[in-house]
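A.B. asks: I'd like to ask some things about the structure below.
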Amino acid sequence: MQFVIQQSKLNVKTSSLFVFGLALLLYTITLLPGLGGGDTAEFQRVGPTLEVAHSTGYPLYSILTWLWSKLIPLGSIAWRVNLFSAFVAALSLSSFNQLAQTSGLAQRWALAGTAMLGLSSSFWQQATQAEIYAFAVLLQVSTLGLIVAWWQQRIPFWLLGLAAGLMLGHHRSSVFILPWMLIACCWQQRPSVRQWLLAVGAGCLSFLPYLYIVWRAPAWQNGWALLTDYLLGSAGGAWFDPQRALDQGWQRLFEVQIQLFGPQLTWLGLGLAGIGWWQCWQKQRPLAIMLGGSYCSILGFCLVYFVDDLAVFGLGAYVAQALLIGFGLAALPWPRWGLGLACGISLWLAWQTWPQIHQSNTAQPEQLARQRLAEPLAANSLVIGDGWSIESLRYLQTVEQLRPDLEFSFQAEQQRIRDQLAQGRQIYALQAIPELGLQHRKVGDWWQIENIPQQFKQQVAIVWQNGIQLTGFDLPAQAQDQLLIGLRWQTSQQLPSLIRFIHVLDQTGQLVAQTDSPTNPSSEFWPLAQAQTDLLAVNLPQYLPAGNYSVIVGWYDLGGQRIALTPQQNTYLLGMVMLD
1152 MQFVIQQSKL
1162 NVKTSSLFVF
1172 GLALLLYTIT
1182 LLPGLGGGDT
1192 AEFQRVGPTL
1202 EVAHSTGYPL
1212 YSILTWLWSK
1222 LIPLGSIAWR
1232 VNLFSAFVAA
1242 LSLSSFNQLA
1252 QTSGLAQRWA
1262 LAGTAMLGLS
1272 SSFWQQATQA
1282 EIYAFAVLLQ
1292 VSTLGLIVAW
1302 WQQRIPFWLL
1312 GLAAGLMLGH
1322 HRSSVFILPW
1332 MLIACCWQQR
1342 PSVRQWLLAV
1352 GAGCLSFLPY
1362 LYIVWRAPAW
1372 QNGWALLTDY
1382 LLGSAGGAWF
1392 DPQRALDQGW
1402 QRLFEVQIQL
1412 FGPQLTWLGL
1422 GLAGIGWWQC
1432 WQKQRPLAIM
1442 LGGSYCSILG
1452 FCLVYFVDDL
1462 AVFGLGAYVA
1472 QALLIGFGLA
1482 ALPWPRWGLG
1492 LACGISLWLA
1502 WQTWPQIHQS
1512 NTAQPEQLAR
1522 QRLAEPLAAN
1532 SLVIGDGWSI
1542 ESLRYLQTVE
1552 QLRPDLEFSF
1562 QAEQQRIRDQ
1572 LAQGRQIYAL
1582 QAIPELGLQH
1592 RKVGDWWQIE
1602 NIPQQFKQQV
1612 AIVWQNGIQL
1622 TGFDLPAQAQ
1632 DQLLIGLRWQ
1642 TSQQLPSLIR
1652 FIHVLDQTGQ
1662 LVAQTDSPTN
1672 PSSEFWPLAQ
1682 AQTDLLAVNL
1692 PQYLPAGNYS
1702 VIVGWYDLGG
1712 QRIALTPQQN
1722 TYLLGMVMLD
């Protein structure tokens, strides 16, 4: 296999430096301006404070973001960690450009593949938020570059072991591309036993950062047990479901390949990648095996892995595809047409992705978190919420030392809530917990749970034609900016997932406020003939004049079709409310 590095007006290092600067500028301009939510907020906290992240821990990332947050004197801690993602993403693209050119691509086609990867939606998103995936791409691209350098006999084999170990240690999904890397490495020149031993030793050394987990594990956890759990990556097994993928069959393939992977670099880009793979197969077979095998393995993994943010797990496949696109463009018989095609795809990706990034990277998550923490929550309270929201609050508590007296929890068992209430502790939740059967009081965005049984002042027997029964409700006589309503339901037959709606109407029958949402739990999970408590708050617009307003309740299916109450009507009038 022969590699010919195409020379151009700019040498490889100069063009790679240009790519780095341009990418860093783009990602910094579109950076998330501060605190995020969920995993982003977690990584903004655990690195700078040297805590331990969720499985698999990401110790090297945590150590580097801690150092980065100390060295960068600008902006908030959250913004600095976001900037780290922009930096490593720009470095990834710079390394990708160098990889493409050292693999034999002319500079124009290397830059074209680099631009498409950098402008793709998942890569751009990960480059602008505190997440671990941009760093994962950097490690993958660096390992690919070292493999090419090994083919060209420019580096010792043990460096590949070190790079592969760092890549695998950072994110376990790399295990699906390692076999193809090994096959490609040994295609022309098989390493000696000594070289293998040195590479394995270097790979083992690359896992030393995992001792960080033992060092920084919380006092209430066994550090070595946590280390074992993280090394095995057992937590991720909960989303691994091959049987479910087999049951879904072609539908699952459509969801992943057609709806997720295909649009990342456009379908035209996928076609060019196919042409590029065939060219590599004819001229650089080890490269074709490594890139094609990596893409298919990652696709196969994503087919059987059921998580919400599945697109980011395909980043390794997008890297392989972008490199193959470069070879596909180079294989076209009309260079000018190929260059125009590359520019067109890049502009299309930029036009498609920029609005998405602009819409998602706002100050709203930080504003919401600060607003929630500023509510008059009693000292030493237990605060319960979803993972996305609670991580933002934990950042403010840990990094900025706001409300250190509060205890935040993703979830809490009913018995613990009851025990804490019995001891006089105040408990707040972002969502009502109706299964407790206890009264709730609204405090800003929070529901304060009170140690008082839920009472329904109105006892009724209203039956919808699908078997849903309203057996009781509590509607206040007066309200100001928010209307708190308690409903008690049960069903006489199995239900699908339905949407319950509350509408507030003025004196002329015009809709002035509403809430439409599934109940908690969803109606499809209701046991037969068992009472289900439903608590909700309807926000009332400030412009509403004082007066009497009607409140009605009803149901509709996921297709928007309302469920009939009688042949003539589909809603029930709960009563009248006076707005002060």
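Just so you know, the sequence shown maps onto residues 1152 to 1731 in the numbering used here.
Cβ coordinates follow ideal geometry from the N, Cα and C atoms, glycine included.
Just how far apart, CA to CA, sit ARG1395 and VAL1455?
C.D. replies: Their backbone Cα atoms lie some 7 Å apart in a straight line.
A.B. asks: Could you give the DSSP three-state label for GLU1193: helix, strand or coil?
C.D. replies: The answer is helix: DSSP assigns GLU1193 an H, G or I state.
A.B. asks: For PHE1233, is the classification buried or exposed, using 16 other Cβ atoms within 10 angstroms of its Cβ as the cut-off for buried?
C.D. replies: It is Asn, not Phe, that sits at residue 1233 in the sequence shown. With 16 or more other Cβ atoms within 10 Å, it is buried.
A.B. asks: Using three-state DSSP, classify VAL1155 as helix, strand or coil.
C.D. replies: Residue placement at VAL1155 is flagged as unreliable, the pLDDT there being 46, under the threshold of 50; a coordinate-derived value is accordingly withheld.
A.B. asks: Please check the pair PHE1327 and SER1448, which I expect to be a contact at CB under 8 Å, by giving their CB distance rounded to whole angstroms.
C.D. replies: 4 Å between Cβ atoms; contact.
A.B. asks: State the Cα-Cα distance for the pair SER1227 and GLY1185, rounded to the nearest angstrom.
C.D. replies: The straight-line gap from Cα to Cα measures roughly 7 Å.
A.B. asks: Hey, could you find the ends of the beta strand (DSSP E) GLY1623 is sitting in?
C.D. replies: Where GLY1623 is concerned, the enclosing beta strand (DSSP E) stretches over 1619 to 1625.
A.B. asks: So SER1532 and ARG1576 are supposed to be a Cβ contact under 8 Å. How far apart are they, rounded?
C.D. replies: Correct: roughly 7 Å between the Cβ atoms.
A.B. asks: Grouping DSSP H, G and I as helix and E and B as strand, with all else coil, what is HIS1321?
C.D. replies: Reduced to three states, the DSSP call for HIS1321 is helix.
A.B. asks: Using only the heavy atoms of the ligand GTP, determine whether one of them is closer than 7 Å to the beta carbon of GLY1400.
C.D. replies: Summarising the ligand content, the structure contains no ligands, and the ligand GTP is consequently not present.
A.B. asks: Note the first and the last residue of the continuous beta strand (DSSP E) segment covering GLY1305.
C.D. replies: The sequence as given places Arg at residue 1305; Gly does not occur at that position. Neither: ARG1305 is in no beta strand (DSSP E) and is coded neither H nor E.
A.B. asks: Helix, strand or coil, according to DSSP, for LEU1634 in the structure here?
C.D. replies: Three-state DSSP puts LEU1634 in a strand.
A.B. asks: With DSSP as the reference, identify every bridge partner of ASP1570, one or two as the case may be.
C.D. replies: Bridge partners of ASP1570: none, in fact.
A.B. asks: Please say whether GLY1296 and GLN1249 have beta carbons closer to each other than 8 Å?
C.D. replies: Contact: yes.
A.B. asks: Bridge partners of SER1722, per DSSP?
C.D. replies: Here residue 1722 is Thr; the residue named in the question, Ser, does not match the sequence. For THR1722, which the question treats as bridged, DSSP gives the partners GLY1705.
A.B. asks: From ARG1639 to LEU1662, what does the alpha carbon distance come to, in whole angstroms?
C.D. replies: Between ARG1639 and LEU1662, the C-alpha separation is close to 24 Å.
A.B. asks: Given 8 Å as the limit, is there contact between the stretch 1300 to 1308 and the stretch 1193 to 1210, that is, 3 or more CB pairs closer than that?
C.D. replies: The stretch 1300 to 1308 vs the stretch 1193 to 1210: no contact.
A.B. asks: Sort SER1701, LEU1635, GLN1645 by Cα distance to LEU1656 and report the nearest one.
C.D. replies: Minimum Cα distance to LEU1656 is reached at SER1701.
A.B. asks: Could you pull out every residue in the same chain whose Cβ sits closer than 7 Å to the Cβ of ARG1196, ignoring the five residues on either side in sequence?
C.D. replies: Result list for ARG1196: GLU1202, ARG1545, TYR1546, THR1549, VAL1550, in chain order.
A.B. asks: Excluding the 5 residues preceding and the 5 following ILE1156 in the sequence, name in chain order all residues of the same chain whose CB lies nearer than 8 Å to its CB.
C.D. replies: Note on ILE1156: pLDDT 46, under 50, position unreliable in the model; the coordinate value appears next. If we look at ILE1156 and ignore the five residues flanking it on each side, its Cβ neighbours are VAL1163, GLN1252, THR1253, GLY1255.
A.B. asks: Are ASP1146 and LEU1649 close, meaning C-beta to C-beta below 8 Å?
C.D. replies: Outside the displayed span of the chain (1152 to 1731) sits residue 1146, for which this structure offers no information.
A.B. asks: Apart from the five residues just before and just after LEU1378, which ones in its own chain have a Cβ nearer than 7 Å to its Cβ?
C.D. replies: Here the set comprises TYR1361, ILE1364, VAL1365.
A.B. asks: Do you know how far the Cα of LEU1421 is from the Cα of ILE1476?
C.D. replies: Near 7 Å, if we compare the C-alpha coordinates of LEU1421 and ILE1476.
A.B. asks: How long is the line joining the alpha carbons of LEU1317 and ILE1298, rounded to whole angstroms?
C.D. replies: Cα to Cα, the separation comes out at about 14 Å.
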